[in-house]
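Chemist:
Residue numbers (my numbering): 532 to 887.
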């Protein structure tokens with residue numbers, strides 16, 4: 532599907548298994564009338580418009596299956612770990628960030644039985660051994676139109692070229708290391724990400740540091756949006772939803788879609804849930820075409836069912852990442868590498884954020 536880096540080893544086998552088993556699963560979106568009457572499930576996510584949209588997407592599942600759906604959040608790995616270790620797991624389906632299901636696969640999150648969920652309509656490379664995507668979005672390079680006029684940046688290589696493209700950069704400093712950005716730094720430095728080693732982390736971070744002392748590391752999506760709307764930065768690394776909103780609010784910026792960074796929340800089932808089959812039923816309903824259309828219409832996040840055709844206006848459609856052209860342009864970080872080197876990367880990233 533055009534991703535520039537792919538999972539290896541066990542993750543690759545999981546993807547192959549997903550394809551092999553998908554035909555055995557009930558079709559995505561299938562809900563059996565009354566099948567969960569008298570049962571209760573707790574769905575955990577990150578609150579706000581996003582979780583409201585997820586609940587709306589699951590309304591048909593709730594109405595038809597008869598399940599009582601409780602909501603909790605925000606997702607905190609420490610809380611989940613305490614539940615698993617105590618043997619008292621109250622969270623049945625948990626929406627997480629992209630890396631935790633790989634870091635904690637088989638320990639906090641169950642390895643998925645892909646005969647119970649239909650993953651045949653999920654984009655290639657996005658099914659993990661312990662997770663399926665909850666939605667898609669991206670990290671995209673936005674440049675200020677006035678700053679570059681007829682010679683705008685066209686790639687992350689241009690983002691790192693401060694001589695040809697001078698100006699203030701704004702980078703996501705909101706949390707964990709941005710593996711895809713470090714990889715792009717390695718590439719811009721003339722290196723390769725095909726067989727990365729821990730030493731390459733230093734090279735990528737050094738390239739980021741070389742952008743200069745006027746680089747802004749934003750801490751929240753709202754801050755990144757404000758940087759664009761105020762025109763304070765010449766290039767801004769932005770989540771696609773924030774970029775879309777900034778442009779709708781009048782920000783004079785244009786996205787660069789070449790190698791936009793694939794980001795996805797994940798749906799997982801914790802180790803030790805009381806009714807695994809009910810959790811699978813919720814996930815399979817959520818993956819359905821209609822549920823995914825509702826999710827996108829409510830939240831503007833991209834659906835993960837390739838048959839979904841949400842009804843959205845042109846300003847939203849321009850920033851959806853699930854069209855064939857966008858999928859081909861996407862860049863997916865080497866998750867296997869970043870999971871294996873997470874601690875080292877986090878230490879070096881933290882030092883970068885601290886100005887060291």
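Positions of the beta carbon are idealized from the N, C-alpha and C atoms, including for glycine.
Within the segment 812 to 863, note down every full alpha helix (DSSP H) run reaching 4 residues or more, in order along the chain.
Modeler: 820 to 830, 845 to 848, 855 to 860
Chemist: Going by CA-CA distance only, name the one from 777, 576, 764, 591 that's closest to residue 608.
Modeler: Ranked by Cα distance from residue 608, the options 777, 576, 764, 591 are led by 576.
Chemist: Label residue 715 either buried or exposed according to how many other C-beta atoms from any shown protein chain fall within 10 Å of its C-beta, with 16 as the threshold for buried.
Modeler: So residue 715 ends up on the buried side.
Chemist: When you compare only the Cα positions, how much space is there between residue 767 and residue 754?
Modeler: A straight-line Cα-Cα distance of about 11 angstroms links residue 767 and residue 754.
Chemist: Are the segment 801 to 808 and the segment 608 to 623 in contact at 8 angstroms, needing three or more beta carbon pairs?
Modeler: yes
Chemist: Kindly identify the DSSP beta-bridge partner or partners of residue 674.
Modeler: 766, 785
Chemist: Got a sec, what are the start and stop residues for the beta strand (DSSP E) residue 747 sits in?
Modeler: 747 to 749
Chemist: Apart from the five residues just before and just after residue 828, which ones in its own chain have a Cβ nearer than 7 angstroms to its Cβ?
Modeler: 841, 842, 843
Chemist: Candidates 598, 656, 743, 738: which alpha carbon is nearest residue 667's?
Modeler: 656
Chemist: Between the C-alpha atoms of residue 691 and residue 579, what's the straight-line distance to the nearest angstrom?
Modeler: 34 angstroms
Chemist: Between the alpha carbons of residue 735 and residue 644, how many angstroms are there, rounded?
Modeler: 37 angstroms
Chemist: What span of residues does the beta strand (DSSP E) with residue 601 cover, start to end?
Modeler: That run of the beta strand (DSSP E) goes 599 to 603.
Chemist: Could you tell me the boundaries of the beta strand (DSSP E) in which residue 703 lies?
Modeler: That run of the beta strand (DSSP E) goes 700 to 703.
Chemist: Could you tell me whether the Cβ atoms of residue 567 and residue 586 are closer together than 8 angstroms?
Modeler: Taking C-beta atoms as the reference points, residue 567 and residue 586 fail to come closer than 8 angstroms.
Chemist: By DSSP, does residue 532 sit in helix, in strand, or in coil?
Modeler: Because residue 532 carries a pLDDT of 33, less than 50, the predicted location of this residue cannot be relied on, and the following value inherits that uncertainty. DSSP places residue 532 in coil when its eight states are reduced to three.
Chemist: Note down the Cα distance separating residue 846 from residue 831, rounded to an integer number of angstroms.
Modeler: 10 angstroms
Chemist: Using 10 angstroms around the beta-carbon of residue 782, count the other beta-carbons present and answer buried if the total reaches 16, otherwise exposed.
Modeler: The residue in question, residue 782, is buried, as its Cβ has 16 or more Cβ neighbours within 10 Å.
Chemist: Name the DSSP beta bridge partners of residue 668, please?
Modeler: Its beta-bridge partners are 794.
Chemist: Going by the beta-carbon positions, is the gap between residue 836 and residue 635 smaller than 8 angstroms?
Modeler: no
Chemist: How far does the beta strand (DSSP E) with residue 627 in it extend, from its first residue to its last?
Modeler: Unbroken beta strand (DSSP E) run through residue 627: 624 to 627.
Chemist: In terms of residues, what are the limits of the beta strand (DSSP E) holding residue 575?
Modeler: 571 to 575
Chemist: Just to confirm the assignment, what range does the alpha helix (DSSP H) spanning residue 592 have?
Modeler: 590 to 596
Chemist: Relative to the C-alpha of residue 604, which candidate in 589, 700, 574 has its C-alpha closest?
Modeler: Here the closest residue by C-alpha is 574.
Chemist: Applying the 10 Å Cβ sphere with the 16-neighbour rule, what's the burial state of residue 695?
Modeler: exposed
Chemist: Using the Cβ count rule (16 or more neighbours within 10 Å means buried), how would you classify residue 761?
Modeler: exposed
Chemist: Secondary structure at residue 771, three-state DSSP: helix, strand or coil?
Modeler: helix
Chemist: Can you name the start and end residues of the alpha helix (DSSP H) that residue 868 belongs to?
Modeler: First-last of the alpha helix (DSSP H) with residue 868: 866 to 871.
Chemist: When the Cα atoms are used, what is the spatial distance from residue 659 to residue 758?
Modeler: A straight-line Cα-Cα distance of about 35 angstroms links residue 659 and residue 758.
Chemist: Along the chain, where does the alpha helix (DSSP H) that runs through residue 739 open and close?
Modeler: 729 to 740
Chemist: Please return the same chain residues whose Cβ sits closer than 7 angstroms to the Cβ of residue 826, not counting the five positions on each side in sequence.
Modeler: 584, 585, 588, 666, 832, 834
Chemist: Using a threshold of 8 angstroms, state whether the C-beta atoms of residue 822 and residue 565 are closer than that.
Modeler: no
Chemist: Which same chain residues end up closer than 8 angstroms to residue 553 when comparing Cβ atoms and leaving out the 5 residues on each side of it in sequence?
Modeler: Note that residue 553 scores a pLDDT of 44, beneath 50, so its modelled location is shaky and nothing firm can be said.
Chemist: Going by the beta-carbon positions, is the gap between residue 669 and residue 778 smaller than 8 angstroms?
Modeler: no
Chemist: What first and last residue would you give for the alpha helix (DSSP H) that runs through residue 689?
Modeler: 687 to 690
Chemist: With distances taken between CB atoms, is the gap from residue 789 to residue 860 smaller than 8 angstroms?
Modeler: yes
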